[in-house]
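First residue of the sequence shown: 108, per the numbering used here; consecutive thereafter. What follows is a single structure, written as structure tokens, with notes after it.
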Amino acid sequence: MGDGENVGPGDQEPTEAAGPAADGPSGGRRILHLLGAVLVGVVLPAVVVGVLVGELGVSALFTGVVWGAVGAKLGGTRRMLYVTPLVGIVAGLGAYTAYDWWWAALLAATGAIAGAGYRFGWFAPLLMAPFAATFVTPVSTATSAVTFGAIVAVGTGYGIVIVRRFGAPAVVEGARYSLPVTAVIALAFGAVMGAAAAVGVALSWTEPYWVPEPVLVLIMYVLMGHRERIQDKALGTAVGAAAAVVVAIIAPPPWAMTALAVVAVLLAVLQRATYWRMYGLYTFALVLFLAAPGDVAHEAEERGFQILAGVALLIVGLAALHLIADRLARRYPQPELASNAPDA
């Protein structure tokens with residue numbers, strides 16, 4: 108939009124990057140450091156939590172580590188530390204409300220909170236709140252929900268410590284927008300997250316989080332300047348699901364399906380430079396792993412529809428966001444904020 112504001116979440120990249128130092132440790136030493144950090148910071152605590160709390164605690168700890176590491180890498184360790192209590196709270200609420208209409212309302216609320224972070228440049232760390240509310244282990248009691256949320260918060264702290272050890276910055280300045288534009292972003296992101304969750308709840312899916320999953324993952328890629336991943340994810344999902352249907356028609360024995368899934372995962376690792384191929388192989392392997400014997404076609408259809416529905420909702424949300432926020436940005440220009448980061 109010229110010298111005004113860019114309106115898409117992620118049209119401006121963070122101004123600080125966590126690149127490796129020129130005089131840093133060698134690749135082999137970094138791998139050893141990483142393994143040591145995972146062993147001390149994740150595996151040993153997971154064993155202790157597993158003994159004291161059980162499988163629920165282990166799941167909470169591992170997911171918390173992921174949110175802490177990703178959030179600290181994108182938004183900075185200090186900012187992610189401030190967001191950690193919020194991550195624990197929404198994780199506990201998500202576990203207790205999964206997967207009913209209150210869960211859908213929670214995802215809408217966390218999406219709006221994350222979007223509001225654009226007013227202060229805090230979108231990246233606050234994005235971990237809807238992640239934490241979406242991917243949970245369902246529980247039936249308030250006590251279990253409190254336990255889950257508390258351990259997720261502890262795991263988030265571990266994740267922050269781990270990435271800080273490998274040079275993550277304390278603060279990564281994100282894009283900032285005027286109050287009217289930020290309000291539109293918050294409402295749009297909250298609406299998309301709520302709609303994605305509502306689709307799964309309304310259709311009584313046992314794993315409705317697969318609809319908001321592509322919304323969150325692709326928003327994260329857009330934040331990093333990879334908007335093309337939206338069409339790549341849609342293409343990869345369609346190709347992977349179609350390939351799984353072909354396998355279902357052939358109906359190979361279970362051992363052959365497992366072997367195909369393992370090969371697909373290995374090939375996906377080698378295809379990281381081509382995202383649609385990587386995600387197509389990932390979708391193919393996921394369907395084969397999760398499907399019950401003789402149910403591959405149904406699993407492929409359901410998983411493909413869920414992911415593509417999430418992608419479609421994100422596209423509609425981004426289109427509406429640009430349409431409205433472009434007008435607001437022309438009315439409330441803030442070139443001093445737009446100059447903080449180069450146009451994408």
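Think of the CB as a built atom: it goes at the ideal place given N, C-alpha and C, for glycine as much as any other residue. The structure displayed is predicted, hence computed values, not measured ones.
query	result
CB contact below 8 Å: V394 versus chain C	Of the protein chains in this structure there is only one, and it is not chain C.
Beta carbon of G178 nearer than 8 Å to that of P232	yes
For A355 and D305, believed in contact at Cβ under 8 Å, the rounded distance	Reading the sequence as shown, one finds Ala at residue 305 and not Asp. With 8 Å as the limit, A305 and A355 do not qualify as a contact, their Cβ atoms being about 29 Å apart.
Pick from L395, L330, V291, A240 that is closest to A427, judged by C-alpha positions	V291
Secondary structure of A128, DSSP reduced to three states	In this prediction, A128 scores a pLDDT of 44, lower than 50, which makes its location untrustworthy; no coordinate-derived value is stated.
G417 classed as buried or exposed, judged by whether at least 16 other C-beta atoms fall within 10 angstroms	buried
G183 versus V423 - alpha carbon distance	30 Å
Helix, strand or coil at V333 according to DSSP, with G and I counted as helix	One detail in the question is off: residue 333 reads as His in this sequence, not Val. Of the three classes helix, strand and coil, the one that applies to H333 here is coil, per DSSP.
Range covered by the alpha helix (DSSP H) that runs through V208	Contrary to the premise, residue 208 reads as Trp rather than Val in this sequence. Looking at the DSSP string, the run of the alpha helix (DSSP H) that includes W208 is 208-223.
Cα-Cα separation, V370 to R384	14 Å
Neighbourhood of R271 by C-beta, 6 Å cutoff - its chain only, sequence neighbours within 5 removed	T184
Enclosing alpha helix (DSSP H) for W383 [first to last residue]	382-397
Distance, V324 Cα to G297 Cα	15 Å
Euclidean distance between Cα positions of F279 and L193	First, the residue type needs correcting, since residue 279 is Val and not Phe in the sequence shown. Computed Cα separation, rounded: 19 Å.
Own chain partners of A211 with C-beta closer than 7 Å, once the 5 adjacent residues on each side are dropped	G301, A304, A305, V308
Element boundaries [alpha helix (DSSP H), containing F255]	249-272
Closest Cα partner of V372 within the set H429, A277, L388	L388
Touching by the beta-carbon criterion (3+ pairs, under 8 Å), the segment 149-159 and the segment 243-250	no
Delimiting residues of the alpha helix (DSSP H) encompassing S166	162-182
L397 versus V253 - alpha carbon distance	29 Å
Spatial distance of A198 from L342 (CA atoms)	31 Å
Exposure of E409, with buried meaning 16 or more beta-carbon neighbours within 10 Å	buried
Coarse secondary structure for P361, derived from DSSP in three states	helix
Cβ-Cβ separation, G256 to V172 (assumed contact under 8 Å), whole Å	Not really, about 15 Å apart at Cβ, beyond 8 Å.
Contacting residues, own chain, Cβ-Cβ under 6 Å from A375 (five flanking each side not counted)	M385, L388, Y389
Boundaries of the alpha helix (DSSP H) in which L310 is found, first to last residue	L310 -> no alpha helix (DSSP H), and no H or E assigned at all.
Cα-Cα separation, A240 to Y189	17 Å
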